[in-house]
Amino acid sequence: MQSFLRALSIKAIIITVLVCFALLLSAVATLGYINGTLSRKELNIQIRNTSRIALLSDADRMRLRTTILIRGRETTAFFDKPMDAQQKKKHQEAIQHLFEASHRSLAEFRALPPFPDEEGRKLLEEAATVLNDVLIGLDSQYQAWLEGDAEAYHEREDKFKSLGYGPKISKAMADATSYFKSYSDQHQAAHHASLMRFFTVGSVLLVVAALLLLALRAMLLGLVVRPVHEAVGHVQRLARADLSQAIPVGSGNEIGQLLGALREMQDSLVR
927 MQSFLRALSI KAIIITVLVC FALLLSAVAT LGYINGTLSR KELNIQIRNT
977 SRIALLSDAD RMRLRTTILI RGRETTAFFD KPMDAQQKKK HQEAIQHLFE
1027 ASHRSLAEFR ALPPFPDEEG RKLLEEAATV LNDVLIGLDS QYQAWLEGDA
1077 EAYHEREDKF KSLGYGPKIS KAMADATSYF KSYSDQHQAA HHASLMRFFT
1127 VGSVLLVVAA LLLLALRAML LGLVVRPVHE AVGHVQRLAR ADLSQAIPVG
1177 SGNEIGQLLG ALREMQDSLV R
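Residue numbers for the sequence shown follow the numbering used here, so the first one is 927 and each next one is one higher.
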């Protein structure tokens, strides 16, 4: 191995080591780019998934507020003592606003790309479907209130309760939220493991690059610095016409060629 290195030119050794060093740094940069891309992708996935639950939760929260307004004491008292026109309009606008907000959140939820996992997609869709059915039921009861039909109002409320929409929406939202949390935790754990692998590989490549530079330094000391120092000594002796010490040629690189030329000069002086 040592003889092979001595036969190589110094230029070839330096270029080879620097090319390897550049390749290693390029590999580290590529890993960093891939890691950054995956991190951005993971962040977008987490934001999108969080938005799904947030939109469903918003729609459910508006649904609860709508239920309170439609079935509250102020609404039911209307059948015994009708509100004045201004009060009824204000009450109606509040309910309409909540209905619109709930349906808007559901529409935004359905506009998102499908959830990547089949089970999660099924749970989220089930929650959205039940929530939509609940809103339809509430709207039916609300229409009876607008028409002043107390019998239809209470009948639709009883039907709503008999279908168990309250427990259904509570269970659907709880199942979807619980599954999403579990899915998100698993996804983040897998992403963290991937980041650690990239970090480990990148660290190894940086260590190898540092070792290459140290190896280059050692080779330059052994193949350039020390031989050049010896060549300077030979030149000084030749300048003093001191031919007592032979000039060895130990390599075929540029320094070896210089020592070979000095030895030829020494031989010519001897003759």
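Cβ atoms here follow ideal geometry from the backbone N, Cα and C, with glycine treated the same way. Treat the numbers as computed from the prediction; the structure is a model and nothing was measured.
Could you give the uninterrupted runs of the alpha helix (DSSP H) lying entirely in the region 1074-1161, keeping only those of 4 residues or more? 1076-1088 and 1091-1146
Between the region 1055-1063 and the region 1086-1099, do at least 3 Cβ pairs fall closer than 8 Å? yes
Can you look up Leu-1188 in the DSSP assignment and give me helix, strand or coil? Within the sequence shown, the letter at position 262 stands for residue 1188. Helix.
Which whole-angstrom value describes the C-beta separation of Glu-1083 and Arg-997, a residue pair presumed to lie in contact below a C-beta threshold of 8 Å? By one-based count along the sequence shown, residue 1083 stands at place 157. By one-based count along the sequence shown, residue 997 stands at place 71. Yes, Glu-1083 and Arg-997 are in contact; Cβ-Cβ is about 7 Å, under 8 Å.
Cutoff 8 Å; reference Asp-1111; Cβ partners in own chain excluding five residues on either side: Position 185 of the sequence shown holds residue 1111. None.
Output yes or no for whether 9 Å exceeds the beta carbon distance between Leu-957 and Val-1154. One-based indexing of the sequence shown puts residue 957 at position 31. One-based indexing of the sequence shown puts residue 1154 at position 228. Contact flag unset, no.
Nearest CA to the CA of Ser-1108: which residue from Gly-1046, Leu-1072, Leu-1146 and Ala-955? Here residue 1108 refers to the residue found at position 182 of the sequence shown. The residue with the shortest Cα to Cα distance from Ser-1108 is Gly-1046.
Does DSSP classify Leu-981 as helix, strand or coil? By 1-based counting over the sequence shown, the position of residue 981 is 55. Of the three classes helix, strand and coil, the one that applies to Leu-981 here is helix, per DSSP.
CB contact flag (Thr-992, Ile-1021, <9 Å): For the purposes of this step, residue 992 is identified with residue 66 of the sequence shown, where counting begins at 1. For the purposes of this step, residue 1021 is identified with residue 95 of the sequence shown, where counting begins at 1. Their beta carbons are under 9 Å apart, which means Thr-992 touches Ile-1021 by this criterion.
So for Gly-998, helix, strand or coil by DSSP? Taking the sequence shown and counting its residues from 1, one reaches residue 998 at position 72. Here Gly-998 sits in coil by DSSP.
The alpha helix (DSSP H) that contains Phe-1041, what's its start and end? Against the sequence shown, residue 1041 aligns to sequence position 115. Counting along the chain, Phe-1041 falls outside any alpha helix (DSSP H), and DSSP gives it neither H nor E.
Would His-1023 and Ala-985 qualify as a contact pair, given that the criterion is a beta-carbon distance under 9 Å? Start at 1 with the first residue of the sequence shown, and residue 1023 comes out as number 97. Start at 1 with the first residue of the sequence shown, and residue 985 comes out as number 59. No, Cβ-Cβ distance for His-1023 and Ala-985 is not below 9 Å.
Consult DSSP for Gln-972 and reduce its assignment to one of helix, strand or coil. The residue you call residue 972 lines up with position 46 of the sequence shown. Reduced to three states, the DSSP call for Gln-972 is helix.
Which of the three DSSP states is assigned to Gln-1183 in this structure? Walking along the sequence shown from the start, residue 1183 turns up at place 257. Residue state, collapsed to three classes: helix.
Nearest-angstrom Cα distance between His-1017 and Ala-1011? Translated into the one-based positions of the sequence shown, residue 1017 becomes position 91. Translated into the one-based positions of the sequence shown, residue 1011 becomes position 85. Roughly 10 Å separates the two Cα atoms.
Do you know how far the Cα of Leu-1138 is from the Cα of Ala-1188? For the purposes of this step, residue 1188 is identified with residue 262 of the sequence shown, where counting begins at 1. For the purposes of this step, residue 1138 is identified with residue 212 of the sequence shown, where counting begins at 1. The question names Ala, but residue 1188 in the sequence shown is Leu. If I take the Cα positions, the gap works out to 33 Å.
Apart from the five residues on each side of it in sequence, which residues of its chain come closer than 8 Å, Cβ to Cβ, to Leu-995? To locate residue 995, count along the sequence shown from 1; it is residue 69. Thr-1001, His-1017, Ala-1020, Ile-1021 and Leu-1024, listed in sequence order.
With a threshold of 8 Å, establish whether the CB of Ser-1028 neighbours any heavy atom of the ligand COA. What this structure holds is no ligand at all, so the ligand COA is not there to describe.
State the Cα-Cα distance for the pair Lys-1087 and Phe-1125, rounded to the nearest angstrom. The residue labelled residue 1087 in the question sits at position 161 within the sequence shown. The residue labelled residue 1125 in the question sits at position 199 within the sequence shown. Taking the straight line from one Cα to the other gives about 56 Å.
Are the region 1139-1149 and the region 959-970 touching, with three or more C-beta to C-beta distances below 8 Å? no
Taking C-beta to C-beta, are Ser-983 and Met-1122 nearer than 9 Å? As a working mapping, residue 983 is identified with position 57 in the sequence shown. As a working mapping, residue 1122 is identified with position 196 in the sequence shown. No.
Does the Cβ-Cβ distance between Phe-1106 and Arg-987 come in under 9 Å? Along the sequence shown, read from residue 1 onward, the residue named residue 1106 stands at position 180. Along the sequence shown, read from residue 1 onward, the residue named residue 987 stands at position 61. Cβ distance not < 9 Å, so Phe-1106 and Arg-987 don't count as in contact.
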